[in-house]
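Remarks on the structure that follows.
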Amino acid sequence: MSDSSSFDAFYQQLAASQQQLWQQWIDAAAGTTDGRSAAENSPQNNTLTADWPALQAQWLQDQMTLWATYLRGAPAEPLIEPEAGDRRFAAPEWNAAPFSFIKQNYLLTARLLNTLASANGSGDAAARSRQAYFTRQLTDALSPANFAFSNPEVLKLAAETEGASLQAGMQKLADDVRKGTITMTDESAFEVGRNLATTEGAVVFENDVFQLLQYQPLMSKVSEVPLLIVPPCVNKFYIMDLQPSNSMVRWCVAQGQTVFLVSWRSIPAELGHLQWDDYVEDGIIKAAEVVRAISKKPKLNVLSFCIGGVLVATAIPVLQARGHDWIASLTLMAAMLDHADPGDIQHFIDWNLVGQREAQLAAGAGGIVSGKELSRTFASLRANDLVWHYVVHNYLKGKTPPPFDLLYWNNDGADLAMPMHTFFLKNMYLQNNLTHPGSFEICGVPIDLREIKVPTYIFAAREDHIVPWQTAWQSTQLLGGATRFVLGASGHIAGTINPPAANKRSYWTRDTAVDDVQQWLDGAQQHAGSWWSDWMAWLQPFTGKTVAARKTLGNADFKPIEPAPGRYVKAKAA
1 MSDSSSFDAF YQQLAASQQQ LWQQWIDAAA GTTDGRSAAE NSPQNNTLTA DWPALQAQWL
61 QDQMTLWATY LRGAPAEPLI EPEAGDRRFA APEWNAAPFS FIKQNYLLTA RLLNTLASAN
121 GSGDAAARSR QAYFTRQLTD ALSPANFAFS NPEVLKLAAE TEGASLQAGM QKLADDVRKG
181 TITMTDESAF EVGRNLATTE GAVVFENDVF QLLQYQPLMS KVSEVPLLIV PPCVNKFYIM
241 DLQPSNSMVR WCVAQGQTVF LVSWRSIPAE LGHLQWDDYV EDGIIKAAEV VRAISKKPKL
301 NVLSFCIGGV LVATAIPVLQ ARGHDWIASL TLMAAMLDHA DPGDIQHFID WNLVGQREAQ
361 LAAGAGGIVS GKELSRTFAS LRANDLVWHY VVHNYLKGKT PPPFDLLYWN NDGADLAMPM
421 HTFFLKNMYL QNNLTHPGSF EICGVPIDLR EIKVPTYIFA AREDHIVPWQ TAWQSTQLLG
481 GATRFVLGAS GHIAGTINPP AANKRSYWTR DTAVDDVQQW LDGAQQHAGS WWSDWMAWLQ
541 PFTGKTVAAR KTLGNADFKP IEPAPGRYVK AKAA
């Protein structure tokens, strides 16, 4: 047999083996359990068979070209480049042999696997999406940048430091294993109450679920209608009050708003029985009641963020059913009411998880959902940026990440009561019950979002990986009152916490209402800078008259308990 025919036979055998292995991966990822292939389970959608030969042929051709270039040792134009924004291979060392070969081989193979996972037509849409997501997770994890002996930056630094970088990295790994989280910032640089969450104020009420903070006015004249801020309960509130330069709380106070804020408690084990109803009744409704009592005003404006918006949206119908017309306006900031398309987070939520939890709760076990566990889940949604980057930087290079207030907050999670969180996953993510009026009750009241008639400002971030902006827009179709939808640049946090003084990013608005998300985007106008100014202009008609600022916080019934930011925000997740 000639060398040429042997070479061809080798690649034919390799191709057949690869196709068999890939089909096995497809079957497993699609959940095939009856002995048939995924294609047989869905013959009308068998795009794997249709796409495989061309994709395989292109990959084999690229491999032969890559090997030939490498064996010749001659410089050549790369066959493939990392995607825009991919920082893993930015160092010049990746452009020299043999690491250029390793990089390109990986990128070609990852592209093949991810393309096949996305193109495969077997299974339903949810199964295909899950398969594509976890294939991407696998290819990200297997990047040569994540391993010491295939990362030229790591090898170079180890040589320069005579191994000290690797030794330091192993110590950092051991420290993080004990801590239970990956260190993303220099944690010694921050302390809540010292240089985070420093806006002056006091705790004026507390119960088992939350502390209510009232902030000291910065202006001699303020708006008479108070503003209640409801942050997400899965994180600490100080994402709204980081440092003075990027604090939304301080900015609102400086705009003459009378600001109150809910500081959710990181739930201890003895309160692991708390339900969603408790967060609504003893959280949202109680906070509104105290704000009204202190301000002596019948109504308040509410600014809510993420799951805080879902809690408020389920509390307002309860208030209305009781005859309490307390809410002057509502702001939903990166919040999701329609969960039909919740993004990649859906791949971590299924009936098996909910069923296991419900069985545990039925046995009277109760319990908490660890804030550290939730933080790890959210980090995995952007694994290259929030997991593998720090594996390389901290453990392989032995470096300490620089101070970054946002990432310090990102690692400072809060524990949730398991009954509350399980209710949320089941009713919102799995059953999407907020889009089905009257399908469930909160505090004995059937929930119908069409009954929420208050003016509502809805903000979403264009690159949000937790609340896809198209999904957030759907709230305009669910609520019964007038809405204004605004789209900001960047992601869930950077797009939301964007102070005007920084003059960064941009946002999009459209003044005429439409009933199609793409139509909204096509007719939207882009503006430079922060969306906060647009929101404050929208809020003004609901803030009432300008009055003299109060000199004291709280009142005779609700006296200050301790200075802001209070105790609850300082408690660490279990």
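Heads up, the sequence shown is in UniProt numbering, so the first residue is 1 and it goes up one at a time. Every residue gets a Cβ at the ideal spot worked out from N, C-alpha and C, and that includes glycine.
Endpoints, the beta strand (DSSP E) within which residue i is located
i           : result
residue 457 : 456-461
residue 201 : 201-206
residue 408 : It is not in any beta strand (DSSP E) - residue 408 instead sits in the alpha helix (DSSP H) that spans 405-410.
residue 167 : Here residue 167 belongs to no beta strand (DSSP E); instead the alpha helix (DSSP H) covers 164-179.
Close-in-space but distant-in-sequence residues of the same chain around residue i (CB under 6 angstroms, 5 per side omitted)
i           : result
residue 330 : 302, 454 and 456
residue 130 : 347
residue 197 : 238, 241 and 565
residue 479 : 449, 452 and 456
residue 256 : 219, 222 and 223
residue 543 : 223 and 225
residue 153 : 91 and 93
Per-residue DSSP class, three states only, for residue i
i           : result
residue 336 : coil
residue 326 : coil
residue 555 : coil
residue 56  : helix
residue 247 : coil
residue 598 : This structure does not reach residue 598, given that the chain is present from 1 up to 574, and the question cannot be answered.
residue 466 : coil
residue 151 : coil
residue 196 : strand
residue 183 : coil
residue 78  : coil
residue 272 : coil
residue 401 : coil
residue 342 : coil
residue 266 : coil
residue 573 : coil
residue 568 : helix
residue 451 : helix
residue 161 : coil
residue 513 : coil
residue 242 : coil
residue 423 : helix
Bridge partners - residue i, DSSP secondary structure assignment
i           : result
residue 223 : 546
residue 507 : 488 and 527
residue 417 : 368
residue 446 : 441
residue 304 : 230 and 332
residue 214 : 202 and 260
residue 235 : 413
residue 483 : 456
Limits of the alpha helix (DSSP H) - the one that residue i falls within
i           : result
residue 112 : 99-119
residue 134 : 125-141
residue 352 : 351-362
residue 391 : Premise fails: residue 391 is in no alpha helix (DSSP H) and is neither H nor E.
residue 294 : 286-295
residue 535 : 532-539
residue 518 : 517-522
residue 430 : First-last for residue 430: undefined, no H or E at that position.
residue 475 : 475-478
Close Cβ partners of residue i (< 7 angstroms) along its chain, the five nearest in sequence each way excluded
i           : result
residue 57  : none
residue 349 : 425, 429 and 430
residue 537 : none
residue 315 : 280, 284 and 285
residue 391 : 146
residue 563 : 202
residue 275 : 419, 420 and 423
residue 320 : 451
residue 368 : 267, 269, 272, 415, 416, 417, 418 and 574
residue 252 : 227 and 259
Contacting residues, own chain, Cβ-Cβ under 8 angstroms from residue i (five flanking each side not counted)
i           : result
residue 579 : No answer is possible for residue 579: the residues shown for the chain start at 1 and end at 574.
residue 155 : 148 and 149
residue 341 : 468, 470 and 471
residue 507 : 486, 487, 488, 489, 526, 527, 529, 530, 531 and 534
residue 66  : 79, 101, 104, 105 and 108
residue 206 : 212, 561, 566 and 568
Just checking, does the region 515-535 make contact with the region 259-271 on the three C-beta pairs under 8 angstroms criterion? Contact between the region 515-535 and the region 259-271 is absent, with fewer than three C-beta pairs closer than 8 angstroms.
Between the region 363-374 and the region 151-171, do three or more beta carbon pairs fall short of 8 angstroms? Between the region 363-374 and the region 151-171 there are fewer than three inter-stretch CB-CB distances shorter than 8 angstroms, so the stretches are not counted as touching.
Would you say the region 401-415 touches the region 433-443, given that touching needs at least three Cβ pairs under 8 angstroms? In the pairwise beta carbon analysis, the region 401-415 is classified as not touching the region 433-443: fewer than three pairs are separated by under 8 angstroms.
Can you find at least 3 beta carbon pairs, one from the region 353-363 and one from the region 491-501, that sit closer than 8 angstroms? Judged by Cβ distances under 8 angstroms, the region 353-363 makes no contact with the region 491-501, as fewer than three pairs qualify.
How do the region 126-143 and the region 67-77 stand: do at least 3 beta-carbon pairs fall below 8 angstroms, yes or no? No, they do not touch.
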